[in-house]
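Everything below concerns the one structure shown next.
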Amino acid sequence: MASSIKRNAPGLYRMAKWAYDAPSHLVLETSGGSTLLKSAQGVRQGDPLGPLFFSIGVRPILEDLCNSLGPDCVLLAYLDDVYILSKSEGTLEHVSNFFDRPNNSLKLNEEKSYTTSVMEIKMRGLKILGSHIGPSWSRQEFLLGKVAKLEEKLQRLVDLPNQHALLLLRLCMQQDLRHLQRCLDPDGLSDEWERVDQAIWKAAIRIRGSTDQPDPSDLDERLLSLPVRLGGLGLLSHQTCAPLAFAASSETSDQLLIPMLGAPAFEPMLTDADDPESIKSQKDRCDEALLAQRDALLATLDDHEMKTILESASGLGRKWLEVIPYYGSLRLSDFEVSGALHLRTLHPGSEVICPQCGNRNCVGHAETCTGRARWVVARHEQVKRAIAASLSKIEGVQVSVEPFIAQTNRRNDIRVTGSSASGLANHEYDVTIVSLATRDGRDAFIPAHQLPTNIAEKGHALIDKFLSKKAADKVNRLPANSIPFSPLVFTVGGMMDAKTADVIKTWKDSMSIPAHKDLTYQLSLILLRARAKTFVL
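Position 197 of the sequence shown, counting from 1, maps to 184 under the working numbering, and the rest follow consecutively.
As structure tokens, then:
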């Protein structure tokens, strides 16, 4: 392995020598005490360099095998899976004899070695590297077996708390078959991929727990399948992404295999028309399709629904989705998760008429309903104290909560006394949390000639106008004060005005990474819990 790395990847030689030049000590804890073992053979368990070093180390052996087979054979290998394209029926016997030589450090597993013809692959298909090639019926059969296992796994989410079930659905289970999108020809598999989507989306709707709607509606599907950063739930459609992922993977592979197999059958899609190497990536292809999907959806919604989607896409608006409940303050109840998913999918609840006030129950009504407890003071206090607690952890910073403004009886929420060590200067902050569903939020106006033409940009412009006005009102009502002041303006769904976002970025530079992450988690959860308390399923 050392000589092969030195010859084929000299840039990695010093790293390999540092990692494997001497045996490493392993401590085995037993009931009788500790035992010291020496790891002197093979790569360490879990070492990400292991597969790379194996591939480099096995290269000379495969080169010798390739030379032994002659120019009529093409050898392709992925780790220890080796494929040989040959016109000779006796190739496997030749390979077996090659590995029987006493000086070979590798042995051939003859039980897993076989010969198959191209015609057999065309007729019956072939499982290869965890995927399948061949006619559409054989690929369908292969994928349906995978889908059945996924559906069985999804059923097990029923017995879990909603927060745990949603995390597993989003971060684990919906990823189970994503690798097949890149290596399984999607031709003829549209129905099978749609079945995958429906199984995943139905699991999400079960977690949402809508009593009036057990199955996903067309609007649900369009929102669930959008990325979280675009206001959806990140359960991307396999049916949409599969052909895009396969095309990107195929074209990249074609470029790699040109020296061995010749020019590909189809010209690749290029990111840069003047650069033949700039093949369009899967991300670029999917982003293009998903942005078009988002914009088409926004065009069908009213202004407030459009703003709600943009609010869900904001940093704090989506942060709660990635929170892992390690301890109590990060835990969400089943009702809170259910309410959050209703809000994120524009579902106002099961009642057409609000039982508290008698008005129509529409998207955003829960935030302005006069008959519901608003939790305005509690939410404001929790946000204020979460920010103060995080700032107080910065070395050299003193934080005062509700200090008097000089020579007045009025107070701001937070005063920070900074230092050169902290990187923060003296400053005061006041927290304001507003709803886009209020009359002011809905009536925000920008002249038509100043509005962007893109519908998402238009929504952002209207929200920014509303939040900037709220921030300006806060500054205008402030008595004369010698200490610099910044209003912190948030929407109930987690959006911020531009200056508030800049302030939080400034704090990020002074805080430790875990402290800043914890602050954003806490703010996102506080806002979410307050919204859930006013929601009626």
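Virtual Cβ for every residue (Gly too), placed ideally from N, Cα, C. None of the values given here were measured: they were computed from a predicted structure.
Close beta carbons around residue i, own chain, < 8 Å, minus the five adjacent residues each side
i, result
"residue 233", "168, 169, 170, 171, 172, 173"
"residue 258", "265, 266, 267, 268, 271"
"residue 49", "62, 64, 69"
"residue 197", "329, 334, 337, 524"
"residue 471", "412, 413, 414, 415"
"residue 347", "339, 340, 341"
Integer Cβ distance of residue i from residue j, believed to fall under 8 Å
i, j, result
"residue 352", "residue 195", "Wrong, their Cβ atoms sit about 18 Å apart, outside the cutoff."
"residue 199", "residue 337", "4 Å"
"residue 535", "residue 149", "The question about residue 535 has no answer, for the chain in this structure spans -12 to 524."
"residue 447", "residue 333", "Incorrect: roughly 18 Å between the Cβ atoms, too far for contact."
"residue 255", "residue 238", "4 Å"
"residue 473", "residue 492", "In fact, because the Cβ distance is near 12 Å, the residues do not count as touching under 8 Å."
"residue 116", "residue 68", "6 Å"
"residue 479", "residue 449", "Incorrect: roughly 16 Å between the Cβ atoms, too far for contact."
"residue 525", "residue 27", "Past the edges of the chain, shown from -12 to 524, lies residue 525, and the structure says nothing about it."
"residue 280", "residue 209", "7 Å"
"residue 443", "residue 285", "6 Å"
"residue 529", "residue 47", "What is shown of the chain runs -12 to 524, which leaves residue 529 out entirely."
Beta-carbon proximity check, residue i vs residue j, cutoff 8 Å
i, j, result
"residue 372", "residue 390", "no"
"residue 30", "residue 23", "no"
"residue 211", "residue 511", "no"
"residue 190", "residue 130", "no"
"residue 300", "residue 218", "yes"
"residue 388", "residue 375", "yes"
"residue 489", "residue 454", "no"
"residue 498", "residue 377", "yes"
"residue 466", "residue 395", "yes"
"residue 133", "residue 164", "yes"
"residue 457", "residue 476", "yes"
"residue 413", "residue 405", "yes"
"residue 308", "residue 157", "yes"
"residue 59", "residue 74", "yes"
"residue 518", "residue 326", "yes"
"residue 93", "residue 71", "no"
"residue 126", "residue 119", "yes"
"residue 251", "residue 262", "no"
"residue 79", "residue 102", "yes"
Own chain, CB closer than 7 Å to residue i, minus 5 neighbours either side, in chain order
i, result
"residue 291", "350, 351, 423, 424, 429"
"residue -4", "43"
"residue 277", "213, 214, 217"
"residue 224", "184, 212"
"residue 392", "398, 399, 466, 468"
Exposed unless 16 or more other CB atoms sit within 10 angstroms - verdict on residue i
i, result
"residue 363", "exposed"
"residue 437", "exposed"
"residue 247", "exposed"
"residue 293", "buried"
"residue 525", "The structure shown does not extend to residue 525, since the chain is modelled only from -12 through 524, so no value can be given for it."
"residue 159", "exposed"
"residue 462", "exposed"
"residue 339", "exposed"
"residue 180", "buried"
"residue 203", "buried"
"residue 500", "exposed"
"residue 187", "buried"
"residue 415", "buried"
"residue 369", "buried"
"residue 295", "buried"
"residue 16", "exposed"
"residue 417", "buried"
Own chain residues within Cβ distance below 6 Å of residue i, not counting five before or after
i, result
"residue 452", "431, 433"
"residue 207", "332"
"residue -7", "0"
"residue 319", "150"
Of the listed residues the options, nearest to residue i (C-alpha basis)
i, options, result
"residue 360", "522, 143, 41", "522"
"residue 342", "-10, 235, 524", "524"
"residue 100", "92, 58, 83, 91", "83"
"residue 154", "321, 398, 400, 461", "321"
"residue 21", "27, 12, 28", "12"
"residue 106", "93, 96, 121, 95", "121"
"residue 41", "7, 19, 439", "7"
"residue 66", "57, 45, 51, 72", "45"
"residue 182", "369, 145, 227, 335", "227"
"residue 540", "347, 193, 459, 230", "This structure does not reach residue 540, given that the chain is present from -12 up to 524, and the question cannot be answered."
"residue 380", "444, 464, 345, 502", "502"
"residue 508", "221, 317, 441, 345", "317"
"residue 231", "205, 166, 426", "166"
Interface flag, residue i vs chain B, CB-CB below 8 Å
i, result
"residue 387", "The structure shown contains no chain B, having only a single protein chain."
Residue i: CB within 7 Å of a non-hydrogen atom of the ligand MN
i, result
"residue 428", "With respect to the ligand MN, the structure offers nothing, as it holds no ligand at all."
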